[in-house]
Structures are given as C-alpha cells and as structure tokens.
Amino acid sequence: MKTMNLIDIDALIKKADELQPLPASVVKLASMLSSGAGDVDEITNVIRFDPALTVRLLRLANSAFSGASVAITTVKDAVSRLGTARILSLAVASHCRPLMRVQVRAYGYQEGELWRHSVVSMLLAELAPRVCKTPLPSAGATAALLHDIGKLAMAHFLDQDILDLLGRAQNEGGLTPLEAESQILHVHHGELGGLIARHWKLPEAIVNGITYHHNPEQGMDLVCDVVHLADAVAKGVEAKMANKPAKIDVNAGAAERLGFAMKDMEWLCTEGQAAFTKVGGLFGAA
205 MKTMNLIDID
215 ALIKKADELQ
225 PLPASVVKLA
235 SMLSSGAGDV
245 DEITNVIRFD
255 PALTVRLLRL
265 ANSAFSGASV
275 AITTVKDAVS
285 RLGTARILSL
295 AVASHCRPLM
305 RVQVRAYGYQ
315 EGELWRHSVV
325 SMLLAELAPR
335 VCKTPLPSAG
345 ATAALLHDIG
355 KLAMAHFLDQ
365 DILDLLGRAQ
375 NEGGLTPLEA
385 ESQILHVHHG
395 ELGGLIARHW
405 KLPEAIVNGI
415 TYHHNPEQGM
425 DLVCDVVHLA
435 DAVAKGVEAK
445 MANKPAKIDV
455 NAGAAERLGF
465 AMKDMEWLCT
475 EGQAAFTKVG
485 GLFGAA
C-alpha cells in the first residue's frame, strides 16, 4: 500500500494531550515510587487525601487476591500489604477506568473490552516475575495497564474517514493494525501512547514500555519486554474466557531477555485468568 500523510501529527498529539490529566496525587506517587524516594509513611500521606483511591485501595487489600488473613483497615497497612508497584497500578487505574471503559469501534472493542484487556495485561505483568528468570522492573504492571492508551486517543480524535481508511487497510489491504497506523498516520498507537504518558509526567520506564510494546527490541529496556509479553498473553487469556481459539505470539527475543520459557505459558495463562476472576470486578473490568 502506498504510504500517505493525511493528518497533522503534531495536531493529533496536541489533541491527545486533551485527555484528562492524571491527578496530582497520582503524579506524585509515580515520581516517588519510580525514584525510590518515598517510604510507607510518605506514600500513605499522599493516598489518604484521595478518598476514591483510598476506598479502592482498602477493597483490594481486603480481597481474596491479596491473601490478607486479617482485615486491613488503614491506608498504611494496605500500602504495606500490597507493595509499591501495585499501589501505582491501582492509582493509575482509578483515574483511567472511566476513560478506557468506552466503546472503541475503530479497533473492534465493545464497551469495557479495551479496559478489560488492559487490566488482564496488568495482572499478567504482575505475575511475570514468578516465571521469568531475569529480575524484572516494577514499572511493568503500570505500563501494561496503559499500553493501549494510544488506541483510545486515536479513536477519539481522528476523523471518521481516517479511521475508515485504517480499517480498509487492514480488512482489504492485509495490514496489521500497527502497519496500517504507521503507513497511513506515520505514528502508531504505541508511540502516541508513550507521548501521552510523558505528558502525564509518568516515569520514563513506563513511557518506554508503552511506546515499544509491539517492537520491544527497539526499546532496549526490560519493561518493554514485560509489556509485550503481558499484551500477547492477555489476548490468549481473553480468547480462552470467551471459549475461542487462542494464538499467542511472543517475540522470541523478548522471551529470551526475560528468561521466560514457553513451557510456562500454560501456567501464566491459568494464573492470569484466575487473578482476573478474583479482582476484575474491583477494577470495574469484570
């Protein structure tokens, strides 16, 4: 297909910036947790002034997923129980859920499906360290949660004729979504998502994980490999939940860098589905 330049990329990025910014509390948490500067007391002080986040945090801390044997009643105990990586994922999810639950027709997502895929991906990124021999960065779960935010921006801000052209390039031209975006728009949803994450002042590791989740070898960062794995496996888990055949395509280089053996794929799929069954409702994704 002939390459076309039908849109103003700078204008698209500017429009994408109009997506509701992250609350100050979430930005502060991201900065503290990415730099390792915040202790439990400092993290607690940020969260306790955000009532909605406090409620979701306590619900998750007391869920079957956390394995708590006694009731968790304070933010400080919840932070200690869940750990900092999950705290950041929950904080970002608390903000992004309304944005990402919408129907995204341009990519074939009915209402709630994009958000469900995002949550399943996040849970798989949390599980990945249990089957990967390489020590993994803590930013993987949050990056996995947001890896398709660029799709949302494109669906919201591109004209319908451009979206139709993208659809025809895939359905009639045989291109993958990524190829269609790159050829027609000169930017793909991973790159746009990374720009949004940077605009939201999220750590660079999260920006990279989003930007390069389809081509992790270009990211030169393990977080890109984690998000790639989580995205690929999430598609398989979702197919299984829908009783559809699943094909999971994981980049061999990413698997090697992660120390992930394909023999562990079944375990990861099973545990990912079990985790979603336990907490999907808490994230509004069930």
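Quick note on numbering: the sequence shown equals residues 205 to 490 in the numbering used here.
Every residue gets a Cβ at the ideal spot worked out from N, C-alpha and C, and that includes glycine.
Only a predicted model underlies this, so the values are computations on that prediction, with no experimental measurement involved.
Within the region 331-393, the complete alpha helix (DSSP H) segments of 4 residues or longer fall at 344-349, 353-361, 364-375, 381-389, listed in chain order. Under DSSP, Val-430 takes part in no beta bridge, so it has no partner. Annotation: the continuous alpha helix (DSSP H) that includes Asn-249 extends over 244-251. Burial check for Arg-334: the Cβ neighbour count within 10 Å stays below 16, so the residue is exposed.
In the three-state DSSP reduction, Val-308 falls in the strand class (E or B).
In terms of Cβ geometry, Val-427 and Gln-477 do not form a close pair [threshold 7 Å].
At a Cβ-Cβ threshold of 7 Å, His-321 and Gly-354 do not count as neighbours. Straight-line measurement puts the Cα of Ala-297 at about 17 Å from the Cα of Ala-282.
Just so you know, the alpha carbons of Ser-235 and Val-259 end up roughly 22 Å apart. For Val-283, the enclosing alpha helix (DSSP H) has its first and last residue at 279-286. A direct Cα-to-Cα measurement between Lys-439 and Ala-450 gives close to 8 Å. The beta carbon of Phe-253 lies closer than 7 Å to those of Ser-229 in the same chain, with the five residues before and after it left out. A residue is called buried once 16 or more other Cβ atoms fall within 10 Å of its Cβ, and Asn-375, having fewer, is exposed. Rounded to the nearest whole angstrom, the CA to CA distance from Leu-362 to Ala-215 is 10 Å.
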